[in-house]
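Chemist:
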Amino acid sequence: MFNITVKLRYISPHTPYYSSFNKQTATQTYRLGLESYLNRYELCRRECVKSISCRRLLHNNSKGRESKNSSTVYYLSAIGILTLGLSYAAVPLYRIFCQAQGYGGTVGEEIDTDVSKMKKVKHREITVKFNADVSSSLKWNFHPQQTEIKVAPGETALAFYTAENPAEKPVIGVSTYNVVPFEAGQYFNKIQCFCFEEQMLNPHEQVDMPVFFYIDPEYNEDPKLEYTDTIILSYTFFEVKDGMSLPLPGYFKPHTA
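Residue numbers (the numbering used here): 1112 to 1368.
1) From Pro1277 to His1315, what distance separates their C-alpha atoms?
2) Count the other C-beta atoms from every protein chain shown that fall within 10 angstroms of the C-beta of Tyr1298, then say buried if there are 16 or more, exposed otherwise.
3) If you follow the beta strand (DSSP E) that Ile1346 is part of, which residue opens it and which one closes it?
4) Using only CA atoms, which one of Asn1331, Lys1352, Val1318, Met1320 lies nearest to Met1371?
5) Please name the residue in Lys1233, Val1285, Cys1306 whose C-alpha comes closest to that of Asp1327.
6) Going by beta carbon distance, what residues of the same chain come within less than 7 angstroms of Ala1201, once the five residues before and after it are set aside?
7) Looking at the secondary structure, which residues open and close the beta strand (DSSP E) in which Met1311 lies?
8) Just how far apart, CA to CA, sit Phe1348 and Glu1337?
9) State yes or no: is the C-beta of Ile1237 within less than 8 angstroms of the C-beta of Pro1255?
10) Should Glu1266 go down as buried or exposed, given a rule of 16 or more other Cβ atoms within 10 Å for buried?
11) Sorted by chain position, which residues of the same chain lie with C-beta nearer than 8 angstroms to Pro1334's C-beta, five sequence neighbours on each side aside?
Shown next as structure tokens:
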């Protein structure tokens, strides 16, 4: 306790001097430190503002790019879906149009009159089956799009075949047809057909070929066909070569366009 008292008395006389000096120095130091701190704070604040602004700008740009990319993807997808839908709908729409018009757009006046005057035999239904063949020299893919169609005598119908050329060069083909049974051939009338017409397909090209037809109402009056309710329509494609001749059915009737 004594030692502590002595030390306090010893220091006490000098305390005012050092206290005043330290107070002034401390004030200046505090001021300088405060100014330095404020300067650093202001600098830091500016940098933070710049950083935040840059981040917002980059974020907005990123959102803008993502929005544009998304819009582009949506548009392309919509176009793709629309194109695909139209490709699938083309054949049915064409079939509906031809059946609504009745003549496929290629009928002469004489056929137009005959078809318009036909009377549908409602109590008789004929099943027309479709077949497709190609000659050994023709490397095409050829097939009917439907296996069969049910039609009444005096009623028009539309069928489709598909031909594809898988070769690396253009190929010209021509087709002939046959109807079984033979007796039914004379009553099978084609309004629009691709038979006996040269068809050139480019490499890997695929085309749809329509057959618009009707069965003459007199089919129902033929005693030989009284129990025949199924007809097979068969097409065969041949490669076009110099000097070739196609086999014609005995009941062949030239198509009037």
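Backbone N, C-alpha and C define an ideal beta-carbon position, used for all residues, glycine too.
Modeler: To lay it out plainly:
1) Straight-line Cα distance between these residues: approximately 5 angstroms.
2) With 16 or more other Cβ atoms from the protein chains shown falling within 10 Å of its own Cβ, Tyr1298 counts as buried.
3) It is Tyr, not Ile, that sits at residue 1346 in the sequence shown. For Tyr1346, the enclosing beta strand (DSSP E) has its first and last residue at 1341 to 1350.
4) An answer regarding residue 1371 cannot be provided, because it is not within the stretch 1112 to 1368 covered by the chain.
5) Each of Lys1233, Val1285, Cys1306 was checked against the Cα of Asp1327, and the nearest Cα belongs to Lys1233.
6) Caution applies to Ala1201, whose pLDDT of 45 falls short of 50 and renders its modelled position unreliable; the value that the coordinates give is listed next. Cβ within range, chain order: n/a, list empty.
7) Run containing Met1311: 1310 to 1312, per the beta strand (DSSP E) assignment.
8) About 32 angstroms.
9) No, they are not a contact pair.
10) By the 10 Å Cβ count, Glu1266 comes out buried.
11) The same chain holds no residue with a CB closer than 8 angstroms to that of Pro1334 once the five nearest residues on each side in sequence are set aside.
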